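Step one of this worksheet: look at the structure below.
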Ligand code: A3P
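In full-length UniProt numbering, the protein residues as written are 1 to 330.
Here it is in structure tokens:
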């Protein structure tokens, strides 16, 4: 609790949480992930301590515009990729692809997280300065989205990933940022927490199922994407994404190979090797390179034991039973 009252390391804001929030936090269940991240359980989901204080202002103050595109993901599901693709589609008429801002700017800067607009007294992001149509991102669960997102005509694209790869990707990321070794005892402890639902923005099942249901109830409003499907058939999924954004590729663009060019620009190999993503850091001092690790499906097989996989399979069967939702693991 004390930690939240200290000067924020990222924005230097000494009073980034209100008294009301401070009181609320005292009442919330809390768990610490082995990599050192404190999670608070608020209205059915676990929020990292550095973001919990953004939730209520986000819910109360964010005014969605009908033209907004909100990219939502479970962390480490390919958010960076989705941001790059959506930005490239939205800006096809603004810049030639070989002069795209993506070549010199990390996708998280071009498509910021909404939490940045509700960060203490001096938010990093001034939404009023953001040109319309806005593309913004969040990891917030569907049940916690501001009503203005649900009630307006803005569109939501949701991206998730099979839980084993998501777990491994998140663990690598968190260990790297906290300088903790990614060893078997760490994996065992954090996997157990993940399976108990304790993970950033988890439980995983609830996050995924909420958006899955929303996408089935309002398909024109919520597009549900899976990382594995995008990796397997990127062309079809890019077309689906562009159509959902109201910016379908023309026959001419298709025949000129624009889809392939967008995919190449936003590919893991291309983004990873750009100077900005190889050598620069974000405002929190985290190197952008941490967002580009392997970019593969099935890397979990290098780390998880058969009994862990069996535990996950059982959980998947139980949690997703009757939903029609499943994931590819390789
Ligand atoms: P791995 O850790 O499995 O390699 P997020 O962007 O949500 O933080 O997710 C990060 C994951 O997406 C990492 O997975 C990262 O390597 C992968 N990734 C990043 N950019 C990608 C891209 N352009 N194409 C495919 N995967 C990408």
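Think of the CB as a built atom: it goes at the ideal place given N, C-alpha and C, for glycine as much as any other residue. Values in this document were obtained by computation on a predicted structure and should not be read as measured data.
Closest by C-alpha distance to residue i, when choosing among the options
i           : options            : result
residue 63  : 123, 148, 294      : 148
residue 99  : 305, 262, 279, 323 : 262
residue 130 : 295, 112, 108, 277 : 112
residue 18  : 118, 175, 282      : 118
residue 66  : 32, 246, 309, 291  : 246
residue 272 : 282, 283, 288, 258 : 288
residue 152 : 219, 68, 108, 60   : 68
residue 76  : 204, 232, 277      : 204
residue 37  : 215, 137, 281, 198 : 198
residue 108 : 321, 132, 79       : 79
residue 43  : 33, 24, 61         : 24
residue 294 : 321, 122, 249, 165 : 165
residue 46  : 31, 59, 60         : 31
residue 256 : 329, 110, 97       : 97
residue 213 : 280, 248, 307, 142 : 142
residue 120 : 50, 249, 92, 258   : 50
residue 132 : 138, 163, 90, 122  : 90
residue 92  : 240, 145, 313, 258 : 258
residue 284 : 178, 21, 240, 41   : 178
residue 127 : 61, 279, 26        : 61
residue 244 : 307, 219, 26       : 219
residue 299 : 28, 163, 326, 217  : 163
residue 227 : 322, 26, 73        : 73
residue 232 : 330, 28, 282, 41   : 330
residue 323 : 22, 217, 202       : 217
Strand pairing of residue i, partner residues [DSSP]
i           : result
residue 39  : 31, 48
residue 57  : None; residue 57 has no bridge partner.
residue 114 : None, per the DSSP bridge assignment.
residue 223 : 157
residue 71  : 137, 157
residue 281 : 287
Assumed close pair residue i, residue j - CB separation to whole angstroms, cut-off 8 Å
i           : j           : result
residue 222 : residue 156 : 5 Å
residue 161 : residue 35  : Going by Cβ atoms, the distance from residue 161 to residue 35 rounds to 19 Å, so no, they are not a contact pair.
residue 176 : residue 251 : About 44 Å; that fails the 8 Å criterion.
residue 167 : residue 182 : Not confirmed; about 12 Å, so no contact.
residue 71  : residue 135 : 7 Å
residue 319 : residue 297 : 21 Å between Cβ atoms; not a contact.
residue 116 : residue 125 : 4 Å
residue 114 : residue 138 : 5 Å
residue 195 : residue 312 : 7 Å
residue 242 : residue 248 : 5 Å
residue 200 : residue 48  : 5 Å
residue 215 : residue 224 : 4 Å
residue 193 : residue 33  : 6 Å
residue 123 : residue 59  : The pair is not a contact, with the Cβ atoms about 15 Å apart (cut-off 8 Å).
residue 292 : residue 277 : 6 Å
Proximity test, residue i beta-carbon vs ligand 3 heavy atom, cut-off 7 Å
i           : result
residue 266 : Within the structure as shown, ligand 3 is missing, the only ligands being ligand 1.
Examine the Cβ distances between the region 78 to 85 and the region 254 to 270 and report whether three or more of them are shorter than 8 Å. The region 78 to 85 is in contact with the region 254 to 270.
Check whether the region 55 to 62 touches the region 204 to 212, taking contact to mean three or more Cβ pairs, one atom from each stretch, closer than 8 Å. The region 55 to 62 makes no contact with the region 204 to 212, as fewer than three CB pairs between them are under 8 Å.
Assess, as a yes-or-no matter, whether the region 99 to 110 is touched by the region 178 to 194 under the definition of 3 or more beta carbon pairs within less than 8 Å. Between the region 178 to 194 and the region 99 to 110 there are fewer than three inter-stretch CB-CB distances shorter than 8 Å, so the stretches are not counted as touching.
For the structure I just gave you, are there three or more beta carbon pairs, one from the region 163 to 171 and one from the region 303 to 321, closer than 8 Å? Enough Cβ pairs lie closer than 8 Å, so yes.
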